[in-house]
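According to the numbering used here, the sequence shown holds residues 76 to 246 in order. Every residue, glycine too, gets a C-beta built ideally from N, C-alpha and C. Below is one structure, written out as structure tokens; comments come after it.
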Amino acid sequence: MTRLELAHCIYQTAHLRGQFTLRSGATATEYFDKYQFETHPELLRALAIHLQPLIPDDIDILAGLELGGVPIATMLAQLSGLPACFVRKQAKEYGTCKLAEGPDIAGKNLLIVEDVVTSGGQIALSAQDLRNLGAEVSQAICVIDRESGGIESLAQEGIELHALFRMSELK
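Shown next, in the form of structure tokens:
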């Protein structure tokens with residue numbers, strides 16, 4: 076599937092119109108129901124194939140953010156051979172009480188994997204949590220950048236964001 080065909084499939088599968096409140100608190104009249112493309116096996120694989128070239132050479136672990144980044148990181152791990160960890164929004168309060176499930180991240184260079192980025196707020200929060208656990212975090216990838224300041228905001232946090240698509244490319 077070409078990049079253009081993938082963009083068309085994502086749009087046809089996941090594009091909704093209406094009134095939506097985003098994580099940032101902003102409202103939008105268009106929304107991509109990311110779970111529609113993340114749970115579709117052919118689209119998920121095609122996304123990972125197109126995202127894989129965006130993985131920097133110095134990455135040790137793919138860090139999929141709860142919840143949308145997890146299936147993408149899993150498929151990318153399968154294709155790239157890199158291990159993945161799954162990053163919770165908050166450490167669980169039972170069992171292992173971990174924030175990052177999977178391999179030990181201390182001293183490792185992580186690539187944050189996210190589905191849709193608006194303000195970059197969740198990536199910034201998770202990056203700080205991961206850094207507090209001893210990981211190195213300076214890069215992130217996502218499927219869709221909503222072009223709402225996320226790239227600029229993350230740059231101020233020392234994180235370079237690479238998006239497969241900008242929102243304007245999917246319209």
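Is it buried or exposed, residue i, if we count other Cβ atoms within 10 angstroms and call 16 or more buried?
i	result
Thr96	exposed
Asp220	buried
Cys172	exposed
Glu117	exposed
Pro146	buried
Gly100	exposed
Gly144	buried
Do you know offhand how far residue i's Cα is from residue j's?
i	j	result
Ile198	Leu205	10 Å
Leu126	Tyr169	34 Å
Ile85	Ile180	32 Å
What is the residue span of the alpha helix (DSSP H) that residue i lies within?
i	result
His125	116-126
Tyr110	109-113
Can you tell me where the beta strand (DSSP E) holding residue i begins and where it ends?
i	result
Thr139	For clarity, residue 139 is Gly in the given sequence; the question names Thr instead. From DSSP, the beta strand (DSSP E) with Gly139 extends over 136-140.
Arg92	90-96
Would you call the CB atoms of residue i and residue j closer than 8 Å?
i	j	result
Thr104	Gln111	no
Leu129	Leu236	no
Ile124	Leu154	yes
Leu229	Val212	no
In the DSSP output, what is residue i paired with across the bridge?
i	result
Asp308	Any answer about residue 308 is impossible in this case: the structure gives the chain only from 76 up to 246.
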